[in-house]
Amino acid sequence: MKSFNIFKIVQKMFSKIDWEALAEHVTTVVLQLIFLTIVLLLINWIGKKVIRHIFNNNWRPTAKIPPKKLNTIYTLVLNVFKYVLFFFWIYAVLSALGIPVGTLIAGAGIFSLAIGLGAQGFVSDMVNGFFILIEQQISVGDMIKTNNIEGQVTYVGIRTTQVRSIDGTLNFIPNRNITSVSNKSRNDMQAMMEIPIYTSGPIDKITDIVTDINQGLDIQALQITKRPYIVGFSNQNDGTLVLQVAAYTKPGAQFQVRNDLLKQYLTALKAAKIDLPK
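Just add 60 to wherever you are in the sequence shown, counting from 1, and you've got the numbering used here.
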């Protein structure tokens with residue numbers, strides 16, 4: 061008998077629902093959401109094309125802007141545009157569902173709402189990212205080291221920065237975690253070559269060979285900004301010596317220069333029949 065009474069109550073509740081009006085309301089909301097989504101997708105497509113056209117290589121502002129900085133601004137503008145559209149879509153969806161977004165914000169307060177949504181980290185990312193860009197700490201294409209991560213900056217956004225390591229690993233770093241940055245693309249970089257030699261070897265002859273090679277280098281082709289020079293000698297634990305030769309190169313060229321020069325030094329010393337430690 062009790063189950064029969066519950067069934068009658070439920071039946072009575074359903075009988076009071078205006079199913080036609082409910083279906084009409086649901087259909088209207090769904091159509092609104094579809095329409096809003098299509099419109100925003102269209103705006104997203106057009107906006108990206110416009111931004112891409114503005115930053116196209118065929119267009120340049122009156123003031124000359126370095127390519128790295130231009131690429132950084134480009135990625136930032138795309139990022140901001142994406143987030144603006146996303147938040148507008150969320151607002152539109154909530155409004156279409158009949159949720160009073162304005163009342164919620166006014167009642168809870170913007171700060172309280174942000175805390176409730178767990179947005180403290182997001183705000184920190186935005187603030188730190190803003191200062192990173194304003195102070196020009198890094199740009200797309202720079203070689204940097206931060207948080208024990210070293211590599212090339214591929215993306216700078218208002219929330220995250222992407223760094224590709226030498227082995228190809230793509231690191232996503234929240235901007236709030238970037239507390240210190242070592243930028244290796246702003247000044248000339250040092251390439252250090254170390255040539256192992258015996259203490260009993262012809263040191264004068266070795267230094268003469270190295271000096272002759274240094275003087276005959278095409279430093280512009282090698283991207284060397286300061287011609288290589290002999291730093292001096294360093295003692296090793298096994299009783300041998302290391303002849304240190306240093307050069308300064310353009311950012312990013314130091315590794316290739318080191319390999320090229322070391323190969324030239326060792327080839328010339330071998331051709332001169334000078335024994336070197338293995």
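Even for Gly, the Cβ is constructed at its ideal location relative to N, Cα and C.
Buried or exposed: where does residue i fall if 16 or more other Cβ atoms within 10 Å of its Cβ makes it buried?
i: GLN250; result: exposed
i: ILE255; result: buried
i: ASP268; result: exposed
i: ARG287; result: exposed
i: MET203; result: buried
i: GLN280; result: exposed
i: VAL183; result: exposed
i: THR229; result: exposed
i: VAL213; result: buried
Which same chain residues end up closer than 8 Å to residue i when comparing Cβ atoms and leaving out the 5 residues on each side of it in sequence?
i: GLY299; result: THR259
i: ASN139; result: GLY217, ILE218 and ARG219
i: PRO337; result: PRO256, ILE257, TYR258, ASP298 and THR300
i: LEU136; result: LEU193, VAL216, GLY217 and ILE218
Report, in whole angstroms, the separation of the C-beta atoms of residue i and residue j, which I expect to be a contact under 8 Å.
i: ILE198; j: VAL241; result: 6 Å
i: ASN237; j: GLY211; result: 15 Å between Cβ atoms; not a contact.
i: PHE293; j: LEU303; result: 6 Å
i: ILE266; j: LEU329; result: 6 Å
i: PHE141; j: ILE111; result: 7 Å
i: THR327; j: VAL317; result: Incorrect: roughly 16 Å between the Cβ atoms, too far for contact.
i: GLN324; j: ILE273; result: 5 Å
For the alpha helix (DSSP H) containing residue i, list its first residue and its last residue.
i: ARG23; result: Residue 23 lies beyond the residue range present for the chain, which begins at 61 and ends at 338; the question has no answer from this structure.
I need the boundaries of the beta strand (DSSP E) containing residue i, first residue and last residue.
i: THR290; result: The question names Thr, yet the displayed sequence has Ile at residue 290. 284 to 295 is the extent of the beta strand (DSSP E) around ILE290.
i: LEU245; result: Contrary to the premise, residue 245 reads as Ser rather than Leu in this sequence. It is not in any beta strand (DSSP E) - SER245 carries neither H nor E in the DSSP assignment.
i: ASN207; result: That residue, ASN207, is in no beta strand (DSSP E); it is neither H nor E in DSSP.
i: VAL223; result: 220 to 225
i: VAL305; result: 301 to 309
i: PHE232; result: 230 to 234
In chain order, what residues of the same chain lie with their CB nearer than 6 Å to the CB of residue i, ignoring the 5 residues before and after it?
i: LEU96; result: ALA152
i: LYS205; result: SER242
i: ASN131; result: VAL200
i: LEU322; result: MET253
Which residues in the same chain have their Cβ closer than 7 Å to the Cβ of residue i, if we skip the five residues on either side of it in sequence?
i: ASN235; result: ASP185, ASN188, GLY189, ILE192, ARG219, THR220 and THR221
i: VAL89; result: ALA156 and LEU157
i: ASN295; result: LEU301
i: ILE226; result: GLY211
i: ASP320; result: LEU282
Could you confirm whether any beta carbon from chain B is found closer than 8 Å to the beta carbon of residue i?
i: THR259; result: Absence of chain B from the displayed structure is noted, only one protein chain being present.
If you scan the region 253 to 285 from start to end, which runs of the beta strand (DSSP E) of 3 or more residues do you find wholly inside it? Within the region 253 to 285, no beta strand (DSSP E) run of at least 3 residues lies entirely inside it.
Ranges of the beta strand (DSSP E) found wholly within the region 134 to 163, counting only runs of at least 3: none
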